[in-house]
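Visitor: In our numbering, the protein residues as written are 10 to 478.
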Amino acid sequence: MPEHRLRIANGYDDSYDVTPARLLRNVLHLGYRKLINHYVGMSHYFRLGWNAGEGRFVAQAAGDPLNAPCRRWHEDFAARAKALNYNIIWSLSYELFDAHPPESWKQRAWDGSPALTGWSPPSTLLSPANDDAMEYLRGVGRAFIGFSASAGLEPLFQIGEPWWWVPADGRPHIYDDAARAAFGGTPPEIPTVRASLSSGQQALLDQAGVLLGASTLALRDAVKAEAPAAKVMLLFYAPQVLDSEAPDLVRANMPVEWAVPAFDVLQLEDYDFVIAGDPGSSARAFDTVIARLGYPPDDQHYFSGFVLNGEDRALWRLVDSAADAGRRRGAAETFVWAYPQVVRDGFIHFDETEAEVQPFHDVAFPLALGLDAGVGPEFSTAIVTTGSGREQRNAGWADARLSYDAGSGLRSEDDLKTLIASSAHGGDRRSAFASAIRWTTVPQRRGMNPMQPTSGLELATASRPALRW
Numbered sequence: 010m011p012e013h014r015l016r017i018a019n020g021y022d023d024s025y026d027v028t029p030a031r032l033l034r035n036v037l038h039l040g041y042r043k044l045i046n047h048y049v050g051m052s053h054y055f056r057l058g059w060n061a062g063e064g065r066f067v068a069q070a071a072g073d074p075l076n077a078p079c080r081r082w083h084e085d086f087a088a089r090a091k092a093l094n095y096n097i098i099w100s101l102s103y104e105l106f107d108a109h110p111p112e113s114w115k116q117r118a119w120d121g122s123p124a125l126t127g128w129s130p131p132s133t134l135l136s137p138a139n140d141d142a143m144e145y146l147r148g149v150g151r152a153f154i155g156f157s158a159s160a161g162l163e164p165l166f167q168i169g170e171p172w173w174w175v176p177a178d179g180r181p182h183i184y185d186d187a188a189r190a191a192f193g194g195t196p197p198e199i200p201t202v203r204a205s206l207s208s209g210q211q212a213l214l215d216q217a218g219v220l221l222g223a224s225t226l227a228l229r230d231a232v233k234a235e236a237p238a239a240k241v242m243l244l245f246y247a248p249q250v251l252d253s254e255a256p257d258l259v260r261a262n263m264p265v266e267w268a269v270p271a272f273d274v275l276q277l278e279d280y281d282f283v284i285a286g287d288p289g290s291s292a293r294a295f296d297t298v299i300a301r302l303g304y305p306p307d308d309q310h311y312f313s314g315f316v317l318n319g320e321d322r323a324l325w326r327l328v329d330s331a332a333d334a335g336r337r338r339g340a341a342e343t344f345v346w347a348y349p350q351v352v353r354d355g356f357i358h359f360d361e362t363e364a365e366v367q368p369f370h371d372v373a374f375p376l377a378l379g380l381d382a383g384v385g386p387e388f389s390t391a392i393v394t395t396g397s398g399r400e401q402r403n404a405g406w407a408d409a410r411l412s413y414d415a416g417s418g419l420r421s422e423d424d425l426k427t428l429i430a431s432s433a434h435g436g437d438r439r440s441a442f443a444s445a446i447r448w449t450t451v452p453q454r455r456g457m458n459p460m461q462p463t464s465g466l467e468l469a470t471a472s473r474p475a476l477r478w
């Protein structure tokens, strides 16, 4: 496929059993260039060790946080990416497969239940208040940014979707032991964020936001200490945080500590809005985030996608349209999530740009041509016949041109006079023709008002606007 401006994202959990050579070959042949956003995953990168106290294997913070196969895979991936002129954004989240972090690392609800995502089996979220959990993530970040140095890549790092977990029932998971201690030991209960909150509950969410912000800045600093030239980015997932039924959730999950210039790039993702066909919510979320955090377009990336199930592949049309919208908003880079779904469904992207318009005289053709006027392709080909009778053809034009024959559309002597009078002013090139079947040529019914969208258009962002006559 030809090169295009869309970038690709990938996830190690879905690609650990594919060689980097094959993955990069596919990415290259699908037209993706320059950048690969590589999520290191939540279930395959870590090194496990036996925890006698819990009676199970858990992720190991001491020593190398990466297991040997993960390290070998990523060394090869980085080296091959460099050879193909790709750069890699290493993406690390606060998420781990639920069976493998120590119990004290997990975010918890008021009743002590751990944060569990919707995956089966589930993953969990590490608490920003737990020093051991955050130091573990800092070690993982240092390990992955090290692959850039060894391969000669520009060091690029993403902190992916950091947040306090809030499931569908609205219970914030901000009550693990470390968080309770940070909040003074007896924080007030918030049964659900989808309700009117007291000033004390709002203050607790503000404190949670400060903890979250501080943890991300500490991770940023650890990566920059390992690679001083590193660009550190923050990925923000708007639909999870900008909940119209929970307006106070931004206090905890979009802290002002993230405002410019905290990070080199702010990356925005909104695929729930995209696959719902709701560009209005996407636009409002974009405006809300930028108003609060303040990153200019040159310091923004946009992530479009993704399509979870193969039977929903028709949604790729919405994903592609959202990517185009992200570029129109001025995002410096636009990514599609993600490689496994792209190759599963056969998604192909083309950059659709208008060809350069040839110079023309802005003169309207003097006649409103009817349906009898002729139009067809015209070619310019030189044909030479050799002495042996063989023909040689040479195309004079790279492409066929449309030729309009107004003669068959002349309806009267007056039409002919009009044409002759027009030609007396000199020839014109590429006149503008009015279509004989434009909607404006249809006579309007007496008393019909101009079509106007209803006042509900501002809210009905996912449906066709109603019209009134």
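Yeah, the Cβ is synthetic: ideal placement off N, Cα and C, and Gly gets one too. No experiment lies behind these values; they were computed from the predicted model shown.
Tell me, please, whether the segment 305–322 touches the segment 334–354 by the rule of three or more beta-carbon pairs shorter than 8 Å.
Guide: Verdict: yes, contact present.
Visitor: Below 8 Å on the Cβ atoms is my contact criterion, and I expect His-53 with Tyr-103 to pass it. Report the Cβ-Cβ distance as a whole number of Å.
Guide: Taking the sequence shown and counting its residues from 1, the one referred to as residue 53 is at position 44. Taking the sequence shown and counting its residues from 1, the one referred to as residue 103 is at position 94. So it is not a contact: roughly 17 Å between Cβ atoms.
Visitor: Return the first residue and the last residue of the beta strand (DSSP E) that Met-242 is part of.
Guide: Position 233 of the sequence shown, counted from the start, is the residue given in the question as residue 242. Where Met-242 is concerned, the enclosing beta strand (DSSP E) stretches over 240–246.
Visitor: Per DSSP, what are the beta-bridge partners of His-310 in this structure?
Guide: Your numbering for residue 310 matches position 301 in the sequence shown. Partner(s): Gln-276 and Glu-342.
Visitor: State the DSSP-derived secondary structure class of Glu-387, mapped to helix, strand or coil.
Guide: Within the sequence shown, the letter at position 378 stands for residue 387. Of the three classes helix, strand and coil, the one that applies to Glu-387 here is strand, per DSSP.
Visitor: At a cut-off of 7 Å, is Phe-156 close to the ligand GTP when judged by its beta-carbon and the heavy atoms of the ligand?
Guide: No copy of the ligand GTP occurs in the structure displayed, which carries no ligand at all.
Visitor: Which residue from Ala-190, Asp-178 and Val-149 puts its Cα closest to that of Ile-199?
Guide: Residue numbering aside, residue 199 sits at position 190 when the sequence shown is read from its first letter. Ranking the options by Cα distance to Ile-199, first place goes to Asp-178.
Visitor: Considering only the beta carbon of each residue, do Asp-215 and Arg-147 sit closer than 8 Å?
Guide: Within the sequence shown, numbered from 1, the residue matching residue 215 stands at position 206. Within the sequence shown, numbered from 1, the residue matching residue 147 stands at position 138. Result no, Cβ atoms of Asp-215 and Arg-147 do not sit closer than 8 Å.
Visitor: Tell me which same chain residues have a C-beta within less than 8 Å of the C-beta of Ala-204, skipping the five on either side of it?
Guide: By 1-based counting over the sequence shown, the position of residue 204 is 195. Answer for Ala-204: Gly-179, listed in chain order.
Visitor: So the candidates are Pro-197, Glu-387 and Ser-291; which of them puts its Cα closest to the Cα of Ser-412?
Guide: Counted from its first residue, the sequence shown places residue 412 at position 403. Ser-412 has its Cα closest to that of Glu-387, out of Pro-197, Glu-387 and Ser-291.
Visitor: Could you spell out where the beta strand (DSSP E) holding Gln-401 opens and where it closes?
Guide: The residue you call residue 401 lines up with position 392 of the sequence shown. Counting along the chain, the beta strand (DSSP E) containing Gln-401 begins and ends at 400–404.
Visitor: Once you ignore the five residues that flank Ala-404 on each side, which residues in its own chain have a CB closer than 6 Å to its CB?
Guide: Within the sequence shown, residue 404 is the residue found at index 395, counting from 1. Excluding residues within five positions, the ones whose Cβ falls inside 6 Å are Thr-390.
Visitor: For Ser-100, which of Pro-248, Leu-44 and Trp-173 has the nearest alpha-carbon?
Guide: Residue mapping note: residue 100 aligns to position 91 of the sequence shown, counting from 1. Of the candidates Pro-248, Leu-44 and Trp-173, the one whose C-alpha sits nearest the C-alpha of Ser-100 is Leu-44.
Visitor: Short of 6 Å in beta carbon distance, which residues of its chain neighbour Thr-126, apart from the five on each side in sequence? Order them along the chain.
Guide: Here residue 126 refers to the residue found at position 117 of the sequence shown. Same-chain partners within the cutoff: Ser-132.
Visitor: When you compare each of Lys-115, Ser-122 and Asp-141 to Trp-172 by their alpha carbons, which one comes out closest?
Guide: In the sequence shown, residue 172 corresponds to position 163, counting from 1. Comparing Cα-Cα distances from Trp-172 to each of Lys-115, Ser-122 and Asp-141, the minimum goes to Lys-115.
Visitor: What's the C-alpha gap between Pro-288 and Glu-12?
Guide: For the purposes of this step, residue 288 is taken as residue 279 along the sequence shown, with counting starting at 1. For the purposes of this step, residue 12 is taken as residue 3 along the sequence shown, with counting starting at 1. Going from the Cα of Pro-288 to the Cα of Glu-12 covers about 27 Å.
Visitor: How many whole angstroms separate the CB atoms of Ala-187 and Asn-139, which I take to be in contact at a CB cut-off of 8 Å?
Guide: The count along the sequence shown starts at 1 and reaches residue 187 at position 178. The count along the sequence shown starts at 1 and reaches residue 139 at position 130. 4 Å between Cβ atoms; contact.
Visitor: Who pairs with Phe-166 in a beta bridge, going by DSSP?
Guide: Locating residue 166 in the sequence shown gives position 157, where the first residue counts as 1. DSSP output for Phe-166 lists Trp-99 and Val-241 as bridge partner(s).
Visitor: DSSP three-state call for Ile-284: helix, strand or coil?
Guide: Stepping through the sequence shown from its first residue, residue 284 is reached at position 275. Helix at Ile-284.
Visitor: Should Met-51 go down as buried or exposed, given a rule of 16 or more other Cβ atoms within 10 Å for buried?
Guide: Counting from one through the sequence shown, the residue named residue 51 turns up at place 42. Buried, since its Cβ has 16 or more Cβ neighbours within 10 Å.
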